[in-house]
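Line by line, the protein sequences give chains D and S. Counting in this note's numbering, the first sequence runs from 1 upward without gaps. Counting in this note's numbering, the second sequence runs from 392 upward without gaps. Backbone N, C-alpha and C fix where the C-beta goes; we use that ideal spot for every residue, glycine too. The block underneath contains the structure these notes are about, expressed in structure tokens.
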Amino acid sequence: MKAFLILEDGTVFEGTHIGADKEIISEIVFNTSMAGYLEVLTDPSYAGQAVCMTYPLIGNYGICKEDMESNKPWPDGFIVRELSRIPSNFRSDITIQEFLEANDVPGIAGIDTRALTKILREKGTMNGCITTDEHYDLAALTEKMKAYTTGKVVEKVTCDQKYMCKGSETLEENGPISGSAVYTGEKEMRPSLVHELNGKGKKVALLDLGAKKNIARSLAQRGCDVTVYPALTTAEEIINDHPDGIMLSNGPGDPKECVSIIAEIKKLYDTDIPIFAICLGHQLMALATGADTFKMKYGHRGGNHPVKDLSTGRVYISSQNHGYVVDMDKLDPKVATPAFVNVNDGTCEGLSYTGKNIFTVQFHPEACPGPQDSGYLFDRFITMMEENANA
Amino acid sequence: MPKNPNVKKVMVIGSGPIVIGQAAEFDYAGTQACRSLKEEGVEVILVNSNPATIMTDKNIADKVYIEPLTVDVIKQIIEKEKPDSLLPNMGGQAGLNLGMELAESGFLDSHGVTLLGTTAETIRNAEGRQEFKDLMERIGEPCAPSLLVENIQDGVDFANKIGYPVVLRPAYTLGGSGGGIAHNLAELESILENGLRLSRVGQVLVERCISGWKEIEYEVMRDSAGNCITVCNMENIDPVGVHTGDSIVVAPSQTLSDKEYQMLRTSALNIINELKITGGCNVQFALHPTSFEYCVIEVNPRVSRSSALASKATGYPIAKVAAKIALGYTLDEIKNAITGKTYASFEPTLDYCVVKVPRLPFDKFITAKRTLTTQMKATGEVMSICTNFEGALMKALRSLEQHVDCLRSYDFTELTKEELIERLKIVDDQRIYVIAEALRKGVSYDEIHEITMVDHWFIDKLAILVEMEDALEKGPLTVDLLREAKRIEFPDTVISRLTGKSVEEIKKMRYDNGIVASYKMVDTCAAEFEAATPYYYSVYGGENEAIETNDRKKVLVLGSGPIRIGQGIEFDFCSVHATWAFAKAGYETIIVNNNPETVSTDFDIADKLYFEPLTAEDVENIVNIEKPDGAVVQFGGQTAIKLTEDLMKMGVPILGTKAEDVDAAEDRELFDEILEQTGIPRAAGGTVFTAEEAKEVANRLGYPVLVRPSYVLGGQGMQIAISDAEIEEFMAVINQYTQEHPILVDKYLMGKELEVDAVCDGTDILIPGIMEHIERTGVHSGDSISVYPAPTVSEKVKETIAEYSRRLAKALHVIGLINIQFISVGDEVYVIEVNPRSSRTVPYISKVTGIPIVDLASEVIMGKKIRDLGYEPGLQPAADYFAIKMPVFSFEKIRGAEISLGPEMKSTGECLGIAKTFNEALYKAFLGAGVDLPKYKQMIITVKDADKGEAIEIGRRFEKLGYTIYATRSTANALKEAGVNARKVNKIHQESPTVMDLLLGHKIDLVIDTPTQGRDKSRDGFLIRRTAIETGVNCLTSLDTANALLTSLENTDAKKLTLIDIAQI
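Here you go:
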């Protein structure tokens, strides 16, 4: 069946329909990762967006359900150059087509994804529509597209109620550990790649703003007991549980929409509990403490962005997925100073909070998909909790 | 970290002659590194024995030594030039080994030379098998269970413990020389013995066979601050068991999930960090196809063939960045030259798929085994880019210059389903064609996978291609079907064959329906950033990003395709120089080529690079977009020349010598007419199409005769025939492929072979010098030792050659380069052949005469006259030194190849010996080619009857040098009768000790064996020659070469070699 991707600037791509049969309007973004389409699809940060993969061959290794970063795919739509006819991987459960259909995600294949990417690069992220209706009304659609906003998506993607993820139990609960640990064919952990349980006994409160599973896993792998809280949990409730540290997760949408969450985060900031935040969590902490964020032209989405750790000068390749960024020009050094910058465009990739046990990053140390190079930040967080406990 | 201010003068070691496993990729890497160093104001001293390289140009390095790559020579150069640093990781294994020896002996320290890029300890840890294994164990990276052995018994014991099959890998060899898989005790003993001898340190690793696992490679960069990135990963379609150089490779990996991808990526980074490599590094993994278990196969702490491929596949210039890292820069300080916006610390991401296919030499070595093993056999490779895998594979196949263009190019239709299943078990270069036929006959994916271990995903892609063939054949050819066929890159010629429609009809149908190629950019970033110097590849369907530019005159330079025997790196040298010359004159330059190993496909050589097959259709697509003002075809060897007619049909003017004049040189009758007019004699001959006609001509001329197809390079298909039976055999081989042009049969003349390369402007001719071949006629010029200036011919002959060259160039209206080969018999000079184009000897003669003939030819093509360019026409005065080009062979890599020299070219590369005297030059040339004698002073002579007289003199001279001579019966008798002391040894089929036992005893320096005619593989001679080569013994099949070697050995008293800086010539 024919399908069309229509952008709000009037550009139309004709391709083949894939996935669920429905029309969607969404914000169109592109991701440059060459592997990890399932992790991209199941990353809650894509809620409210339709993702175009710049790598042209998608679905080659099917769907390995154990690699899902949440319980379902979140993008409104999926845009690819070519969907593989067969899946080929020993762990593959179903094909990507089956997965999209089963989860009601429509998409389009066979379009010039590079041309689309160039439009988004030149004109900036914009809204678009995927439809199979050959007689679409461009004027009416354009009006709808222009009116579209991602809205308060965090509330859609967060968990319903708090739950535990214990260090020792993760393996059985969540299948093989992803990230830098692997399991061998004999289902044994390769000793060298298992993290030291340096976080054993540490209680971490994870505020789920749309968290990828691997954040909790990365902590649990190090021995931490993680309690996951819904996004609208009050600061008071978290503080009353006496965590050793608080983790603010990634998540979708415009950070400034999260007014009430920002207010709660300010209260967390005011305690002396160590805090580590990723992506949306990082942006919300910045907003909570007087800094500003702005929307980037087309964001960073992929697994190849170099970020520089300003404390060591070392450069790490990071996994990224964000359309908004903290404005470094408006930072108050008395509150926070840059800790990481993006080597390519110099934008803010992390902050260190002055006089506080708080550090936050824009990129994704939990990887999945993407490089595992910055996983050491979880160890840094554990050290911080340790030092705080001893202080 | 900024640049290290202490590095001011750097020595770069090249990789020497092109051999299998070490090819043009190191010229590409070395050239890029030198340019990168010079950019930083560093003085570069270059050493490389290979004169055909671009890196040995005087504009690439400040001082250039084309000298043998031996420790002694490098030491001497260091003493003379006093560099402060040495960059050893650009010259492949050869360069790295030299750097190691100099470091380990303490020479570098005592001369204040720092090893740049990577420390000796790092190299030891990465390359020493045991050290590497220990290190991997320490950081918990898995290796296949293995043991380093120094004798056969230990190997046998270990194999018994871990079970067969086992893989054997000799330490410190290039291209996996001497390695292999042993399935039983006998195989183990045979391979192990050979491997122990070939290893630089006498060690071989015996390890668990992981054959059939996925083979995955990562190219990793690390700087001195410890920042690491991966440039690219690659997946071999042929699973572990086939050397990666012989595998079809795809980038990025296609069948790995992110978990697997990142697991191996992290492992690669852990390894490079632990080894503390600064620069580029290649890590090879074996990944179990149905679990997460993996093994590290090996690490190359240097630029490599894979890194050249990764550079071209991604646009990330690994060698350039590695050179900057060596100077102290960190990755985040080095700009990405393609985007101009990002930094070298940005990992490239691809929005296309890259396929590399090896170019195997079985068309040259028809007796050789085609099976592929862990020992590399490919001489070169092609790369292609497309947004889908099927298309990339189709493009790569037709780039091979091997008469293949689709999965039907090798015909297995005769085989039954059962036979095909058996045939699938053979791992050779035809495997994908066998899989395709198996799919046609209904063999299941599972069955194919089980036998070949090729991943289902790739099998499915082959199935898609097979289904398209069927659909086209069954018809009808609808617009949608045509569009889909073009999307997966079926060329019009194949569609025409399958549908029965003409190519013109197909083309018209395409154009009528807007099915035309568009071009996409390789930009390192999947379009995330705007690109400053991208290059292009074609796709069907989608927006075209290549924009026609009109501000300057535009020239299309056609490259030379994959490196193969007969068409090597020399033509890349010519293409690149021509491109530079045109650019200098203000032209916009466009290169089309498909070889990832070369300098010409570097992103900043031409204004625009199209990474495309060199077929008429692919070139026409580019012409349609670029509309060039002209094309030069005379620099790209036969690949480019054969496109001449097509370019003219497209309306592209051929710059330089006209197509009809090229034809006149190749067309026998036209050429005879020209010779008649100009009064130049040639050997009598005739043109034929069939064996019957050939026999008739041969009998008229009298045997022996030369038989060869016209329009070929490297003497492809050329043979000396002595009987009707041989004519039949050779004609059958030649006529395997439809010949568009007649076959030539000439009287074979015995004399001295001479050669000139010259530039002609239509009026005047400039001849830099005359080269004389040491081997008599009958040995292909590319396999002959070539001496400049010609040492043994009279002034009269030289004058005649200059005069004939002038007449020929003029009669053929040559504008640009011309190569002419002559025979002199006494003072008589005959023409053998004329090629109005660049030749193999062009880089050599330019370098040793200091006359930049490609630049001059380019100027002439653009309308200048030789006199305007500051040169006096005619034969230039001879230099006051000798320069000798020595062919280098890779016979040890090709099991079963006939090594005897003949009219068909067999060498893969060459090296140069240059010195004040002929004898020293000759000595250097042999040394550069790896002939370092004497060692044991024992030799074997076995010659055919006709050669016995000459063999006596040779024997006498060797005896005088203190050699013990062994000879087979009749040769021994002949020697003894003449008073040369020779020990008789038995022939192979006789009782022990035989000549074979002697060879296997490893105390023999040299074998001189002149083959009797005919190509019977079971002959003693063939076995002796193969055994000699496979046991690493020098083997000469021409008495002329033997004489030259003697001359060299008799004059090796001068231990201290004189060094010549080519940049001063």
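Minimum Cβ-Cβ distance from residue i to chain S less than 8 Å
i, result
"Y61 of chain D", "yes"
"K96 of chain D", "Sequence inspection shows Ile at residue 96 of chain D; the Lys mentioned does not correspond to that position. Chain S, which has no Cβ nearer than 8 Å to the Cβ of I96 of chain D, makes this no."
"G175 of chain D", "With a pLDDT of only 39 at G175 of chain D, under the threshold of 50, the placement of this residue in the model should not be trusted, and no figure is reported."
"P274 of chain D", "no"
"V343 of chain D", "yes"
"R380 of chain D", "no"
"D67 of chain D", "yes"
"D112 of chain D", "yes"
"A115 of chain D", "yes"
"E14 of chain D", "no"
"C64 of chain D", "yes"
Contacts that residue i makes with chain S (C-beta to C-beta distance below 9 Å)
i, result
"L57 of chain D", "Q645, C744, T778, N779 and F780"
"R222 of chain D", "Here the premise fails: no neighbours, minimum Cβ distance about 16 Å."
"C368 of chain D", "D649, K650 and Q653"
Test item: CB-CB of residue i and residue j under 8 Å
i, j, result
"H1393 of chain S", "I86 of chain D", "no"
"P106 of chain D", "A231 of chain D", "no"
"M296 of chain D", "V325 of chain D", "yes"
"I956 of chain S", "P1100 of chain S", "no"
"D418 of chain S", "M446 of chain S", "yes"
"L209 of chain D", "I6 of chain D", "no"
"D254 of chain D", "D292 of chain D", "no"
"V948 of chain S", "F780 of chain S", "no"
Beta-carbon neighbours of residue i, restricted to chain D and to distances below 8 Å
i, result
"T740 of chain S", "T32, S33, M34, T54, Y55, G302, G303 and N304"
Contact with chain D by residue i, beta-carbon distance below 8 Å
i, result
"Q653 of chain S", "yes"
"S835 of chain S", "no"
"L722 of chain S", "yes"
"E919 of chain S", "yes"
"I823 of chain S", "no"
"K711 of chain S", "no"
"I620 of chain S", "yes"
"G905 of chain S", "no"
"E1003 of chain S", "no"
"S893 of chain S", "no"
Interface residues of chain D facing residue i [CB-CB closer than 7 Å]
i, result
"R656 of chain S", "P371"
"A616 of chain S", "G313 and R314"
"T733 of chain S", "N344"
Listed by chain order, chain S residues near residue i by CB distance under 8 Å
i, result
"I88 of chain D", "For clarity, residue 88 of chain D is Ser in the given sequence; the question names Ile instead. In chain order: T646, D846, H847, W848 and D851."
"E39 of chain D", "D649"
Residue i: contacting residues in chain S (beta-carbon distance under 7 Å)
i, result
"K308 of chain D", "D723"
"K118 of chain D", "A918"
Jot down the residue ranges of each uninterrupted alpha helix (DSSP H) in the region 89-152 of chain D, minimum 4 residues, whole runs only, in chain order. Restricted to the region 89-152 of chain D, the alpha helix (DSSP H) segments that are unbroken, complete and at least 4 residues in length are 96-102, 113-123 and 138-147, listed in chain order.
Select from the region 660-682 of chain S all residues with a C-beta closer than 8 Å to any C-beta belonging to chain D, and list them in chain order. Residues passing the 8 Å Cβ filter: L660, H679, P680, T681 and S682.
Can you give, in chain order, each stretch of the alpha helix (DSSP H) that sits fully within the region 1329-1364 of chain S and has at least 4 residues? 1339-1351, all fully within the region 1329-1364 of chain S.
Which residue spans inside the region 1271-1332 of chain S form an unbroken beta strand (DSSP E) run of at least 3? For the region 1271-1332 of chain S, the full-length beta strand (DSSP E) segments reaching 3 residues or more read 1273-1279 and 1300-1306 along the chain.
At 4 residues or longer, what runs of the alpha helix (DSSP H) sit wholly inside the region 639-686 of chain S? List check, alpha helix (DSSP H) in window: 649-666.
Listed in chain order, which residues of the region 317-336 of chain D have Cβ atoms closer than 8 Å to some Cβ of chain S? Within the region 317-336 of chain D, the qualifying residues are I317.
What are the uninterrupted segments assigned as beta strand (DSSP E) that are 3 or more residues long and contained completely in the region 266-344 of chain D, given in chain order? Along the length of the region 266-344 of chain D, whole beta strand (DSSP E) runs at least 3 residues long occupy 275-278, 293-309, 315-326 and 336-342, reported in chain order.
Secondary structure, alpha helix (DSSP H): runs of 4+ residues fully inside the region 224-259 of chain D: Listed in chain order, they are 235-240.
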